[in-house]
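If you use mature numbering (1 follows the signal peptide of the UniProt record, and there is no 0), the sequence shown corresponds to residues -23 to -1, 1 to 119, in order. Ideal Cβ positions, reconstructed from N, Cα and C, are used throughout, including at glycine. Let me begin by presenting the structure, written as structure tokens, before commenting on it.
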Amino acid sequence: MMVGFTWIQVVLVLMLMLQFTVTGQFHSITVILGKDVILPCGNVRHDQEKCNRTAWLFSGSGNTVMLVQLGQINTESNSKSDRLSVTERCSLIIKKVTEEDDGRYSCRQFDKSGRQLGSDSGFDLSVVPSEYLHHHVFTSIN
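What follows is the structure in structure tokens.
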């Protein structure tokens, strides 16, 4: 019986951590406070070097900040730059997610002349405390 209960907990954890809802080119995702998250760029161009025509923007708390510009982390305009990195496929990695990371992350592609290609893709990120997960698991089972 304990194995079944543990299996239910694992499934519920995965459902909460990977809760996606498609809304146009943006997806909603819920992440547990303190965990790492990888946000893939849905419209990435494969004819670029080191994501040099990719930008990531963050919108939250009423303002928009450029996190990544031309494939490079923007260290001057955001306080989370030490927790950010970009993969070779232009995905954005956020380490040790905090409540301040809650918001919209947009991936934008540019051509060689600097003109935007297509529309943005990205994620509406919601950050929840681990207590939310435990409460949700136990109330779902009872």
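Under the 8 Å Cβ criterion, the stretch 19 to 37 counts as touching the stretch 73 to 83, having at least three qualifying pairs. Judged by DSSP in its simplified three-state form, Ser68 adopts coil rather than helix or strand. Between Gly99 and Gly19, the C-beta spacing is below 9 Å. The C-beta distance from Val104 to Asp78 rounds to 6 Å, short enough to meet the 8 Å contact threshold. Of the candidates Glu108, Ser90, Leu102, Val21, the residue whose Cα lies closest to the Cα of His4 is Leu102.
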